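Reviewing the structure listed below.
2 protein chains.
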Amino acid sequence: MRYILPLKYIDTVARTGSIRKAAEQLAITSTALNRRILSMEGELGVQLFERLARGVRLSPAGELFIHHARNQIADMERLKSQIADLSGVRRGHVSIVCGQALVPYFLPELISSYRAEHPAVTFSVGICDREQAAAALANYEADIAVVFEPLINPEFTALARVQQQLQAMMSYDHPLANKKVLRWSDIVESRVAVPTRTNGVRHLLETASMRTGNDLNIVIESESFDFLRNYVLHEQCLSFQIPIGLPADSSKSDLLSIPVEQRDIPSGELCIGQLRSRNLSVASALFANDVVKLMELRYSENSEIS
Amino acid sequence: MRYILPLKYIDTVARTGSIRKAAEQLAITSTALNRRILSMEGELGVQLFERLARGVRLSPAGELFIHHARNQIADMERLKSQIADLSGVRRGHVSIVCGQALVPYFLPELISSYRAEHPAVTFSVGICDREQAAAALANYEADIAVVFEPLINPEFTALARVQQQLQAMMSYDHPLANKKVLRWSDIVESRVAVPTRTNGVRHLLETASMRTGNDLNIVIESESFDFLRNYVLHEQCLSFQIPIGLPADSSKSDLLSIPVEQRDIPSGELCIGQLRSRNLSVASALFANDVVKLMELRYSENSEIS
DNA sequence: GCCAGTGCTGCATAAAATGCATCTAAGCGA
DNA sequence: TCGCTTAGATGCATTTTATGCAGCACTGGC
Numbered sequence: 212m213r214y215i216l217p218l219k220y221i222d223t224v225a226r227t228g229s230i231r232k233a234a235e236q237l238a239i240t241s242t243a244l245n246r247r248i249l250s251m252e253g254e255l256g257v258q259l260f261e262r263l264a265r266g267v268r269l270s271p272a273g274e275l276f277i278h279h280a281r282n283q284i285a286d287m288e289r290l291k292s293q294i295a296d297l298s299g300v301r302r303g304h305v306s307i308v309c310g311q312a313l314v315p316y317f318l319p320e321l322i323s324s325y326r327a328e329h330p331a332v333t334f335s336v337g338i339c340d341r342e343q344a345a346a347a348l349a350n351y352e353a354d355i356a357v358v359f360e361p362l363i364n365p366e367f368t369a370l371a372r373v374q375q376q377l378q379a380m381m382s383y384d385h386p387l388a389n390k391k392v393l394r395w396s397d398i399v400e401s402r403v404a405v406p407t408r409t410n411g412v413r414h415l416l417e418t419a420s421m422r423t424g425n426d427l428n429i430v431i432e433s434e435s436f437d438f439l440r441n442y443v444l445h446e447q448c449l450s451f452q453i454p455i456g457l458p459a460d461s462s463k464s465d466l467l468s469i470p471v472e473q474r475d476i477p478s479g480e481l482c483i484g485q486l487r488s489r490n491l492s493v494a495s496a497l498f499a500n501d502v503v504k505l506m507e508l509r510y511s512e513n514s515e516i517s
Numbered sequence: 212m213r214y215i216l217p218l219k220y221i222d223t224v225a226r227t228g229s230i231r232k233a234a235e236q237l238a239i240t241s242t243a244l245n246r247r248i249l250s251m252e253g254e255l256g257v258q259l260f261e262r263l264a265r266g267v268r269l270s271p272a273g274e275l276f277i278h279h280a281r282n283q284i285a286d287m288e289r290l291k292s293q294i295a296d297l298s299g300v301r302r303g304h305v306s307i308v309c310g311q312a313l314v315p316y317f318l319p320e321l322i323s324s325y326r327a328e329h330p331a332v333t334f335s336v337g338i339c340d341r342e343q344a345a346a347a348l349a350n351y352e353a354d355i356a357v358v359f360e361p362l363i364n365p366e367f368t369a370l371a372r373v374q375q376q377l378q379a380m381m382s383y384d385h386p387l388a389n390k391k392v393l394r395w396s397d398i399v400e401s402r403v404a405v406p407t408r409t410n411g412v413r414h415l416l417e418t419a420s421m422r423t424g425n426d427l428n429i430v431i432e433s434e435s436f437d438f439l440r441n442y443v444l445h446e447q448c449l450s451f452q453i454p455i456g457l458p459a460d461s462s463k464s465d466l467l468s469i470p471v472e473q474r475d476i477p478s479g480e481l482c483i484g485q486l487r488s489r490n491l492s493v494a495s496a497l498f499a500n501d502v503v504k505l506m507e508l509r510y511s512e513n514s515e516i517s
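Chains A and B, in that order, are what the protein sequence lines are.
The first sequence begins at 212 in the working numbering and counts up one residue at a time.
The second sequence begins at 212 in the working numbering and counts up one residue at a time.
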């Protein structure tokens, strides 16, 4: 869309923090881009960017403007998707950010079944921690975020929340393997492999640790759940996951997972959210709706039973 | 704003229903306007307008587009108002539509006191019936509507509602002048001067009339409350008004107003609303907030006492 | 069947955006 | 302190885009 172009230009400059870099990305000369910005500033009568020696930075007015611009760009996408809908084809793009727990089973299954119904809809999936997820929504880089234990933020609105009881993962020959439920005392006496501090699961563990005064016996810390999982196959220690990150049929797994007593570590919240007061495209809204339905179907009532 | 221009062009064409008329209004040639529309349609790959012999009409895709366009135009206004806010001046424009009851006291008082605080904010006030109010909001011609007994419509969202008990107005020498409360039987036995059917007050009267089977003894029907009011000064008959259309100090009035028993004619709802999912400009939002506060202060709890 | 009114098109012109070469200013390192 | 590099700004020629004029084809009403 031609008429949206000025907004995209400014958005790119804001993201790159440099007119020249943005110009390169946009495949035009820095001169042209520079002038567009100057003329836009002229029309508004306000400086959108502060000029620094090493580039540009959004001014307060620019912050307002960029929010507006991104909103309009997103709105345009939504409009195109709606118009495409009229012609019978359901097109569009859905951009998601999520925590690692969604990666192994939940999202792949859901997206593939969604795409089976709507083949013209494309997806981008970013994996990140809770803070980055919030930033991605705020930047309009993502339409939807699905995160465990989200940071409280008035800018975001939750479409659904479900409780997720912490699960301990171990090999079948682990000393605790015969237990039905793990207590905090079991955990502190075991070696554990845990995710890094930006992660929601780690956050729950830290909270329990603070509350009881018991330190965890951490032998491995990694940002990758996949790595932790693989490590537990080799050394007799515990790792942790939430139900949504486990296979629906637990018998098929090469690892044993046992729920952790809720009195010791309370359930965390898995939350799907979007930027408040933002209108999602048809495709995104529909997909978000599917996520909500499946989340609630699987984890709404009986989340305390593994 | 240059980059919004294409949207304004299309908006104007949609409003006038003719490219040539719109072109005239926009002070360009029809050729230029025509081409802009063609190119926009080309980019979208959809016809925005159906071409008729006598002009153009929005196609389904055009309906979607025009909604988007008006939203963006309004958003731009909001942005400019926010940016102006940064520089310390609270500028902006507030466009209101309302029923006649707001005309004599409520809105003039409130707007003048608002403007005393924010002299750079300008107002436009349209007087219309409930249906027109809904249309004005939907067309983005008005930001806020204040109407009595609004038509139910999922497109609109109410910022506040207060109950308004019907008041009968009469001269001080009217036979019913000594009553504290009027009953339906009093009304049907009197001559009455009533507003036209599009009005909310009339709607309440009609409902009561239907329910009881008693016809009103209508001697004058007028769309102007002002006229009705003046008429009651000359002939001994009843007219009707809601509290918000009466002076705060009733002793200052040249007419007597007596509440109508609620069991006979239930209170109607005075409602301030906006288009759902629309972001108001700073000025509009602030003013709407003032309206809500004053409405609730005056009429929230004790609306049954005149 | 005319006529007024509509949207659309070819061509010349006006306006705007772009690119190139260049300028000025500010941080960085020796 | 003195280059050196990098940033955004600017003058000018060029390309691209938008506009206006004259005229066309079509439609509905009188």
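We put the CB at the ideal spot given by N, CA and C, even for glycine.
This one's a predicted model, so the numbers in the text were calculated from it and none came from an experiment.
| Check | Outcome |
| --- | --- |
| Where residue 303(A) falls: helix, strand or coil (DSSP) | strand |
| Host beta strand (DSSP E) of residue 221(A) (start-end) | First-last for residue 221(A): 216-227, but that is the alpha helix (DSSP H), not the beta strand (DSSP E). |
| Run of the beta strand (DSSP E) containing residue 381(B), from where it starts to where it stops | 378-381 |
| Whether residue 271(A) touches residue 290(B) by CB criterion (8 Å) | no |
| Span separating the alpha-carbon of residue 418(A) from that of residue 390(A) | 23 Å |
| Of the listed residues 344(A), 250(A), 229(A) and 233(A), nearest to residue 266(A) (C-alpha basis) | 229(A) |
| Close beta carbons around residue 262(B), own chain, < 8 Å, minus the five adjacent residues each side | none |
| Best match in 503(A), 510(A) and 511(A) for proximity to residue 321(A) [C-alpha to C-alpha] | 503(A) |
| Under 7 Å (Cβ pairs) to chain A, residues found in the stretch 227-258 of chain B | 254, 255 and 257 |
| Which of helix, strand or coil DSSP assigns to residue 242(A) | helix |
| C-beta atoms of residue 481(A) and residue 373(A) nearer than 8 Å | yes |
| Stretch-stretch touch, CB-based, cutoff 8 Å, three pairs: the stretch 349-360 of chain A with the stretch 476-492 of chain A | yes |
| Cβ neighbour criterion (16 or more within 10 Å) applied to residue 428(B) | exposed |
| Any C-beta of chain B under 8 Å from that of residue 514(A) | Interpretation of residue 514(A) is limited by its pLDDT of 39, a score under 50 that renders its predicted location unreliable; the figure taken from the coordinates is listed afterwards. So no, residue 514(A) is outside the interface. |
| Spatial neighbours of residue 276(B) in its chain, beta-carbon cut-off 6 Å, leaving aside the 5 residues before and after | 259 |
| Segment limits, alpha helix (DSSP H) that includes residue 412(A) | 411-423 |
| Within-8 Å CB hit, residue 213(B) to chain A | yes |
| Cβ contact check for the stretch 447-454 of chain B and the stretch 374-382 of chain B: 3 or more pairs under 8 Å | yes |
| Chain-ordered neighbours of residue 277(A) on chain B, where CB pairs are closer than 8 Å | The premise fails here: residue 277(A) is roughly 10 Å from chain B at the closest Cβ pair, so nothing lies under 8 Å. |
| Minimum C-alpha distance to residue 415(A) - residue among 488(A), 457(A), 236(A) and 476(A) | 476(A) |
| Sequence-distant residues of its chain with Cβ nearer than 8 Å to residue 367(B) (five each side left out) | 345, 348, 356, 361, 484, 485, 486 and 487 |
| Residues bridged to residue 309(A) [DSSP beta-bridge criterion] | 338(A) and 357(A) |
| Straight-line Cα distance separating residue 386(A) from residue 470(A) | 15 Å |
| Rounded C-alpha distance that separates residue 405(A) from residue 425(A) | 15 Å |
| Residues of the stretch 281-293 of chain A whose Cβ lies closer than 9 Å to any Cβ of chain B, in chain order | 282, 283, 286, 287, 289, 290, 291 and 293 |
| As assigned by DSSP and simplified to three states, the class of residue 477(A) | coil |
| Short CB-CB distance (under 8 Å) between residue 272(A) and chain B | yes |
| Cβ-Cβ distance between residue 494(B) and residue 337(B) below 8 Å | no |
| Residue from 436(B), 474(B) and 212(B) whose Cα sits closest to the Cα of residue 393(B) | 474(B) |
| Where residue 255(B) sits in the DSSP three-state scheme | helix |
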